[in-house]
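Visitor:
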Amino acid sequence: MVAAGVLISGAGTNLQAIIDQIAAGRLACTLRVVISNRAGAPGIARAVRAGVPVRVIDHRAFARREDFDRALLDVLREAGAELVLLAGFDRLITRTLIDAFPLRIMNIHPGLLPAFKGLDAQGAAQSYGVKIAGATVHFVDEQTDHGPIILQGAVPIGPDDTEAEVHDRILAVEHEIYPAAIQFFAEGRLEVEDRRVRVRGPRPAVTASLVSW
Ligand code: GRF
0 MVAAGVLISG
10 AGTNLQAIID
20 QIAAGRLACT
30 LRVVISNRAG
40 APGIARAVRA
50 GVPVRVIDHR
60 AFARREDFDR
70 ALLDVLREAG
80 AELVLLAGFD
90 RLITRTLIDA
100 FPLRIMNIHP
110 GLLPAFKGLD
120 AQGAAQSYGV
130 KIAGATVHFV
140 DEQTDHGPII
150 LQGAVPIGPD
160 DTEAEVHDRI
170 LAVEHEIYPA
180 AIQFFAEGRL
190 EVEDRRVRVR
200 GPRPAVTASL
210 VSW
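At position 169 of the sequence shown the residue is numbered 168 (numbering that gives the first Met the number 0), and the sequence of numbers has no breaks.
(1) At a cut of 8 Å, does the stretch 120 to 133 reach the stretch 144 to 158 through at least three beta carbon pairs?
(2) Per DSSP, what kind of secondary structure is residue 13 in: helix, strand or coil?
(3) Report the rounded CA-to-CA distance for residue 91 versus residue 72, giving the unit in angstroms.
(4) Please find out if some non-hydrogen atom of the ligand GRF comes closer than 7 Å to the beta-carbon of residue 92.
(5) Tell me, to the nearest whole angstrom, how far the beta carbon of residue 30 is from that of residue 51; I am working on the premise that it is less than 8 Å.
(6) Please report the residue range of the beta strand (DSSP E) in which residue 151 lies.
(7) Using beta-carbon positions only, say whether residue 112 and residue 104 come within less than 8 Å of one another.
(8) For residue 101, does the count of other Cβ atoms within 10 angstroms reach 16, so buried, or fall short, so exposed?
(9) Per DSSP, which residues does residue 192 bridge with? Please list them.
(10) Is the stretch 75 to 87 in contact with the stretch 112 to 122, if contact means three or more CB pairs nearer than 8 Å?
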């Protein structure tokens with residue numbers, strides 16, 4: 000059982016997917032705290048409903064990114080988090096947090112990295128005209144959307160798809176692969192060698208069009 004802290008800024012649908020998998024007994028993880036940097040984030044209500052303690056830490060109250068990260072770190076430590084999950088968290092994190100949780104911070108990105116890093120990866124993929132889009136779960140390092148890739152899920156997209164269709168299709172993959180990656184971590188099955196992450200043992204059944212690790 001891994002103790003996790005989740006950082007959110009918005010809707011929290013990935014947080015919800017994690018909560019749901021825990022409730023279904025399919026994820027050996029306990030959520031110790033959810034931290035939002037935005038008081039109005041709808042994801043906060045999801046945590047409250049699930050009985051997970053919530054803290055709001057507004058990044059605007061801190062002069063430097065490192066000071067904000069120090070405040071996050073204090074709360075994560077106090078909560079006993081061993082793993083930190085960025086789930087739609089809209090701030091860049093610094094070494095202050097990364098060094099405290101080496102290979103223990105994960106992020107979900109709505110693109111097939113290393114393509115389409117940064118904001119609106121779904122829109123960028125669509126404008127570029129790619130035929131396959133998807134999502135990536137990766138460990139976080141000091142560069143944006145860059146750390147070792149744990150798993151990726153892909154979906155087909157086409158020129159006539161609406162923005163909302165592409166967004167929702169990718170989000171459905173996110174909701175599947177993020178809990179799966181956390182479960183691999185919880186089972187101690189992830190081996191990291193430079194950029195390469197090996198998942199030891201059997202592959203669970205997945206429903207996304209294509210999921211690989
Ligand atoms: C997701 O698309 C995630 O990949 C990105 O931010 C979005 C968060 O969505 N990092 P939600 O708050 O989990 O609904």
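Quick reminder that beta carbons are idealized off the backbone N, C-alpha and C, glycines included.
Guide: Taking the structure as given:
(1) Enough Cβ pairs lie closer than 8 Å, so yes.
(2) For the purposes of this step, residue 13 is identified with residue 14 of the sequence shown, where counting begins at 1. The three-state secondary structure of residue 13, taken from DSSP, is helix.
(3) Numbered from 1 along the sequence shown, position 92 holds the residue referred to as residue 91. Numbered from 1 along the sequence shown, position 73 holds the residue referred to as residue 72. When rounded, the distance between both Cα atoms is 14 Å.
(4) Residue 92 sits at position 93 when you count from the first residue of the sequence shown. No; taking the cut-off as 7 Å, the Cβ of residue 92 has no heavy atom of the ligand GRF nearer than that.
(5) Taking the sequence shown and counting its residues from 1, the one referred to as residue 30 is at position 31. Taking the sequence shown and counting its residues from 1, the one referred to as residue 51 is at position 52. Indeed, because the Cβ distance is near 5 Å, the residues count as touching under 8 Å.
(6) As a position in the sequence shown, residue 151 is number 152, starting the count at 1. From DSSP, the beta strand (DSSP E) with residue 151 extends over 148 to 155.
(7) Walking along the sequence shown from the start, residue 112 turns up at place 113. Walking along the sequence shown from the start, residue 104 turns up at place 105. Going by C-beta atoms, residue 112 is not nearer than 8 Å to residue 104.
(8) The residue you call residue 101 lines up with position 102 of the sequence shown. It counts as exposed.
(9) Translated into the one-based positions of the sequence shown, residue 192 becomes position 193. Partner(s): 195.
(10) no
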